[in-house]
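Chemist: FYI, the working numbering numbers position 293 of the sequence shown as 274, with every residue one higher than the one before it.
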Amino acid sequence: MVGYRQQPGKLDFTRPGSGGSSSVSEKREPGRIPESQGGDLPQPWGPHRHDDLITGRVIGKRTPLIDSKWKVTGQAVYGDDIRLPGEIIGRLVRTDRHYARVLSIDASEAESIPGVLGIATGEDAPHAFGVLPVTKDEHAMAVEKVRHIGDIVACVAAEDEDTARLAANSIRIEYENLEPIFDIKDGLKDSDNPIHDRGRYHIGESNVQKRVFQRFGRIQNIGDSIASHEGSWTFKGVNHGFTEPHAVVAHWDPRGRLTLYTPQQVPHYVHRALADVLEIPMHQINVYRTFVGGGFGGKSDPFPHEMCAAILARKTGRPVRITFDREEVFWTNRGRHPSKISMAIHADDEGRFSGIETDALIDGGGFASFGHVTTYYNGVLHTAPYEIGAFHY
């Protein structure tokens, strides 16, 4: 079997319709634009024009994993393996409330503990961040409200792990409990007390942040199907179950530049979020992606603990390391959303799928995260690899 390793060099992009060097009028002539690019030029069946640029074979030979030698010899450096001179330990203070307004935070007892070097709250990081520009609804630490059990309210830095834990447990927080939402359908209802302040992307007076509508084909022909099947499914939220817990080390150099070491699947998300939260240009931030001990999508978000490490390191002038225990991994879970899906599939007299109708509700949790993307893909992937006559989502 031929492999997919492209030879070096650029492809010829001067053909009509490709944005190359041909005249504008030529590029816009439908008869000179291939069908695959929206034109009328027929494309014959046969080998792809790029096939001659593919070299090598992968079937029947051993192909080593690129980073396998580092892993099997124990030389791979994961998040918690990073050790910097003068490093101190950070711990996070998490809420035990589902949904509440933060009335006060008393850190006086924690500040008096020997070995405690820094404490931060939401007042130190008022700017929001998110995976996408339309989903900036998270903070490094709670600002005014906490939105799920385990939401971060404060963070501390100390000389050692025991002192950091003692300080975190010594911080006293006063709350006003608010009415939580536990069921997806309740989130669809209008509310006078939304989980998030309604911005330009929220829908109506509800807690719905994203609606997706997708359709193609002749939906009206579904009624002519000779066979149909309907069903509803409920999916619980699932943690990704990776081996390595979250870990991060943050360090500021004398020039005011930040280096963050983290087992991140998408470092540029963190890069952008740090610039928003810390209010510094992106060129003053370096995100170093360590080896990732499993992620499966669960280490794709920019996370609050990464922001907290950077904030504590800036406050104390020392490198700060934060490593989760397994319980904290579950509190940080953003993906594999709980969902309720109802679907009807229809077939014609020749055994072909004539249509699919789907309605899906996705529980995004306290924050948007990848919920926008999941909502979209829930529809896109329902057709699988089959030819479907019509689709309504």
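Just so you know, even glycine gets a beta-carbon here, dropped at the ideal spot from N, CA and C. Predicted model only: the values in this text are computed from it and were never measured.
For the beta strand (DSSP E) containing M375, name the first residue and the last one.
Modeler: Only positions -18 to 374 of the chain appear in this structure, which leaves residue 375 out of reach.
Chemist: One question on the structure: do K96 and E140 come within less than 8 Å of each other, judged by their Cβ atoms?
Modeler: In the sequence shown, the residue the question calls residue 96 occupies position 115. In the sequence shown, the residue the question calls residue 140 occupies position 159. Looking at the sequence itself, residue 96 is Gly, so the reference to Lys does not match. Yes; because the gap between Cβ atoms is below 8 Å, this pair is in contact.
Chemist: Name the two residues that bound the continuous beta strand (DSSP E) containing V74.
Modeler: Position 93 of the sequence shown, counted from the start, is the residue given in the question as residue 74. First-last of the beta strand (DSSP E) with V74: 69 to 75.
Chemist: For I207, count the other beta carbons within 10 Å of its own beta carbon; 16 or more makes it buried, fewer makes it exposed. Which is it?
Modeler: Translated into positions along the sequence shown, residue 207 becomes position 226. So I207 counts as exposed.
Chemist: Would you kindly work out how many angstroms separate the C-alpha atoms of H373 and E338, rounded to a whole number?
Modeler: Along the sequence shown, read from residue 1 onward, the residue named residue 373 stands at position 392. Along the sequence shown, read from residue 1 onward, the residue named residue 338 stands at position 357. H373 and E338: Cα-Cα distance of roughly 5 Å.
Chemist: Quick check on the DSSP output: what are the complete alpha helix (DSSP H) runs of length 4 or more inside the region 213 to 295, in order along the chain?
Modeler: As far as the region 213 to 295 is concerned, its whole alpha helix (DSSP H) runs of at least 4 residues are 248 to 259.
Chemist: Measuring alpha carbon to alpha carbon, tell me which residue in W214, T271, P366 is nearest D340.
Modeler: Walking along the sequence shown from the start, residue 340 turns up at place 359. When only C-alpha atoms are compared, the closest one is W214.
Chemist: Out of curiosity, what's the CA-to-CA distance linking V189 and D329?
Modeler: The residue given as residue 189 occupies position 208 in the sequence shown. The residue given as residue 329 occupies position 348 in the sequence shown. So the alpha carbons of these two residues sit roughly 36 Å apart.
Chemist: How many angstroms separate the CA atom of I263 from the CA atom of Y367?
Modeler: Walking along the sequence shown from the start, residue 263 turns up at place 282. Walking along the sequence shown from the start, residue 367 turns up at place 386. Looking at the sequence provided, one finds Met at residue 263 rather than Ile. Rounded to the nearest angstrom, the two C-alpha atoms are 44 Å apart.
Chemist: Looking at the structure shown, is G99 part of a helix, part of a strand, or coil, going by DSSP?
Modeler: Within the sequence shown, residue 99 is the residue found at index 118, counting from 1. Strand, per DSSP.
Chemist: Given 8 Å as the limit, is there contact between the region 129 to 137 and the region 57 to 74, that is, 3 or more CB pairs closer than that?
Modeler: These segments touch.
Chemist: Helix, strand or coil for A145 per DSSP?
Modeler: On the sequence shown, position 164 is the one that residue 145 refers to. If DSSP states are grouped into helix, strand and coil, A145 belongs with the helices.
Chemist: If you follow the alpha helix (DSSP H) that T355 is part of, which residue opens it and which one closes it?
Modeler: By one-based count along the sequence shown, residue 355 stands at place 374. That run of the alpha helix (DSSP H) goes 352 to 361.
Chemist: Return the Cβ separation of V112 and F351 in integer angstroms, given the expectation that the two are a contact with Cβ distance under 8 Å.
Modeler: In the sequence shown, residue 112 corresponds to position 131, counting from 1. In the sequence shown, residue 351 corresponds to position 370, counting from 1. Confirmed, about 6 Å.
Chemist: To which residues of the same chain is V58 closer than 7 Å at the C-beta, ignoring the five residues directly before and after it?
Modeler: In the sequence shown, residue 58 corresponds to position 77, counting from 1. Within the same chain, V58 has close Cβ partners T271, F272.
Chemist: Assuming E157 is part of the beta strand (DSSP E), what are its boundary residues?
Modeler: The count along the sequence shown starts at 1 and reaches residue 157 at position 176. Here the beta strand (DSSP E) through E157 covers 153 to 158.
Chemist: Indicate the three-state DSSP secondary structure (helix, strand or coil) for T297 in the structure shown.
Modeler: Counting from 1 along the sequence shown, the entry for residue 297 is found at position 316. Three-state result, T297: helix.
Chemist: Could you give the DSSP three-state label for S49: helix, strand or coil?
Modeler: As a working mapping, residue 49 is identified with position 68 in the sequence shown. Helix at S49.
Chemist: Measuring straight from C-alpha to C-alpha, what distance separates G307 and R199?
Modeler: Taking the sequence shown and counting its residues from 1, the one referred to as residue 307 is at position 326. Taking the sequence shown and counting its residues from 1, the one referred to as residue 199 is at position 218. The amino acid occupying residue 307 in the given sequence is Arg; Gly does not appear at that position. C-alpha separation (whole angstroms): 50 Å.
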